[in-house]
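Visitor: Have a look at this one before I ask anything.
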Amino acid sequence: MSAPSASPTPTPLSSTQLSALSQNIKHWAQALGFQQVGISGVDPGIQAEYLEQWVAAGYHGEMHYMAAHGRKRAYPAELEPGTLRLICVRMDYLPADTQMAQCLSNPEQAYISRYALGRDYHKLIRKRLQQLAERIQATIGPFGHRAFVDSAPVLEKAFAQQAGLGWMGQNTLLINPKAGSWFFLGELFVNLPLPVDPPYTKNHCGSCQSCLKRCPTGALLGNGLMDARRCISYLSIELKGSIPEPLRPLMGNRIYGCDDCQIACPWNRFARPTSEADFLPRHQLETSSLMQLFQWTEAEFLTRTEGSPIRRAGYERWSRNLAVALGNVPSNPAIQQALKQRLNSASPLVAEHINWALKQHTI
Ligand code: B12
């Protein structure tokens, strides 16, 4: 977006014009491939306090960006001055028929979280939000706007809940009663006083604890609270250093992210497969074995993860995660040999995990 001070002040619109515009925005957004759109204000309410408490408890681990932005995380108008509304969108990403249960139950196969099998969603969603802004601009003239998806410090789930897109579930994810939780969120910050949508005030998790029981590492603490330091998504993607040893056996064959709390969620029986070709699996990532992926050279890793969110972890963390997963496979000479072969060329971090894996094969 243009710098805040340069954000154009929009031509004033009547309330009838604003209502019509908000209806149009919803049609345009759906035509751009978003499954749902809602409009929220900019007050995070109690969620700002929850965020503070969460960070104070240290649940964010090494994700220093969670603590770094102060009030900007919770207050959109402080992140982007002049912001009056958030146009919140949802885009479904679950590829059809990727046989999650089968993959998770075969320790020699690699499980990569479903969001990461295809093209990186950040660029795709941001581009669509930008197209939405252009469509609005073509109708009302210049106005201030900025598109966000995941990357920036925005309390995305809290504002999506305010915009009526769903409730924040026990697994901490936003759940929609007709679509489950297999979707990405994005927002277009605007300086337009659009009418806001009713928030989603119900919480349909009730006494269900399926996600808590299923979480392999006990990261979900109840009451919609997570200790991210135990979440496999954090351990395999965000954590840069050594994975705590007691958690390694619990990671099983999950080498990039984790979906167990979504797989367990009964509301996901309503999830529909994605219609975005870009989110479909690439390079047979959904059917690859741990050994196949462990044998990728760094050059192969870089080529095959081009445009994929997996690039985020980098080759070193990718190899570290694969070493842990190979350590979790029941003893097998071919795996031991592959692990030993990599020891010489491995970085100290990867070597430490390979040695741990080799130890598992000799116990
Ligand atoms: C940091 C982060 C992570 C961290 C921490 C997760 C977390 N729950 O915070 C890690 C790396 C573990 C992670 C994992 C995943 N993530 Co993530 N992640 C984020 C990010 C960048 C920030 C989330 C955040 O603000 N966390 C801070 C804490 C405070 O938030 P919280 O747990 O949501 O806590 C809220 C509530 O629990 C409540 N609360 C807190 N304390 C209390 C106490 C009481 C008593 C009550 C009632 C409530 C309450 O208030 C808090 C503030 O709103 C967002 C993008 C964004 N900018 O928002 C994506 C995002 C949440 N992630 C997303 C996804 C897809 C995932 C994964 C599925 C990826 C994967 N397959 O591996 C997993 C799912 C794990 C899970 N169950 O959350 C999507 C979720 C879409 C959806 N349907 O909700 C988002 C929105 C990205 C996007 N734009 O699409 N993620």
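In terms of our numbering, the sequence shown opens at residue 26 and continues consecutively.
For glycine and all other residues, C-beta sits at the position ideal for the given N, C-alpha and C.
Note that this is a predicted model, so its numbers are computed, not measured.
#1: I'd like the span of the alpha helix (DSSP H) that includes Cys113, first residue to last.
#2: Using a Cβ-based criterion (distance less than 7 angstroms to any ligand heavy atom), does Gln287 qualify as near ligand 1?
#3: Quick one: what does DSSP say Ser30 is sitting in, helix, strand or coil?
#4: Quick check: the stretch 253–260 against the stretch 212–227, are at least 3 beta-carbon pairs closer than 8 angstroms?
#5: Is His170 buried or exposed, if buried means 16 or more other CB atoms sit within 10 Å of its CB?
#6: Taking buried to mean at least 16 other C-beta atoms within 10 Å of its own C-beta, is Ile388 buried or exposed?
#7: Quick one: give me the first and last residue of the alpha helix (DSSP H) that His52 is part of.
#8: State the start and end residues of the unbroken alpha helix (DSSP H) segment that holds Glu74.
#9: Express the C-alpha separation of Ser65 and Thr299 in angstroms, rounding to a whole number.
#10: Can you give the beta carbon distance from Arg273 to Gly205, rounded, assuming they're within the 8 angstroms contact cut?
#11: If you draw a straight line from the alpha carbon of Phe319 to that of Val349, how long is it in whole angstroms?
#12: Please report the distance separating the alpha-carbon of Val80 from that of Ala183.
#13: Using beta-carbon positions only, say whether Gln61 and Val114 come within less than 8 angstroms of one another.
#14: Following a CB-centred definition, is Gly95 positioned closer than 7 angstroms to any heavy atom of ligand 1?
#15: Alpha carbon to alpha carbon, how far is Trp207 from Pro178?
#16: Label Ser27 either buried or exposed according to how many other C-beta atoms from any shown protein chain fall within 10 Å of its C-beta, with 16 as the threshold for buried.
#17: Mind checking whether Ala289 and Cys230 have CB atoms under 8 angstroms apart?
#18: Should Leu210 be listed as close to ligand 1, given that the test is whether its C-beta is under 7 angstroms from any heavy atom?
#19: Between the beta-carbon of Ala172 and the beta-carbon of Leu154, is there less than 8 angstroms?
#20: Using C-beta distances below 7 angstroms, list every residue in its chain close to Ser246, excluding the 5 sequence neighbours before and after it, in chain order.
#21: Quick one: Cα of Leu305 to Cα of Pro120, how far?
#22: Decide yes or no for the touch test of the stretch 130–142 against the stretch 323–337: beta carbon pairs closer than 8 angstroms, at least 3 of them.
#23: Would the C-beta of Asn293 count as close to ligand 1, meaning under 7 angstroms from any of its heavy atoms?
Guide: On the basis of the supplied data:
#1: First-last for Cys113: 110–117, but that is the beta strand (DSSP E), not the alpha helix (DSSP H).
#2: Under cutoff, so the answer is yes.
#3: No answer about Ser30 holds up, because its pLDDT of 45 lies below 50 and its placement is not dependable.
#4: The answer is no - the stretch 253–260 does not touch the stretch 212–227, with fewer than three Cβ pairs under 8 angstroms.
#5: buried
#6: Ile388 comes out exposed.
#7: 40–56
#8: From DSSP, the alpha helix (DSSP H) with Glu74 extends over 72–81.
#9: 25 angstroms
#10: That pair is no contact at about 30 angstroms.
#11: 11 angstroms
#12: 16 angstroms
#13: Result yes, Cβ atoms of Gln61 and Val114 sit closer than 8 angstroms.
#14: no
#15: 21 angstroms
#16: Unreliable placement is indicated for Ser27, whose pLDDT of 43 sits below 50; the coordinate value is still reported in the next sentence. Per the 10 Å Cβ criterion, exposed.
#17: No Cβ-Cβ contact shorter than 8 angstroms links Ala289 with Cys230.
#18: yes
#19: One thing to note: Ala172 has its Cβ within 8 angstroms of the Cβ of Leu154.
#20: The amino acid occupying residue 246 in the given sequence is Leu; Ser does not appear at that position. These residues qualify, in order along the chain: Asp252.
#21: 6 angstroms
#22: Cβ pair count under 8 angstroms is three or more, so yes.
#23: no
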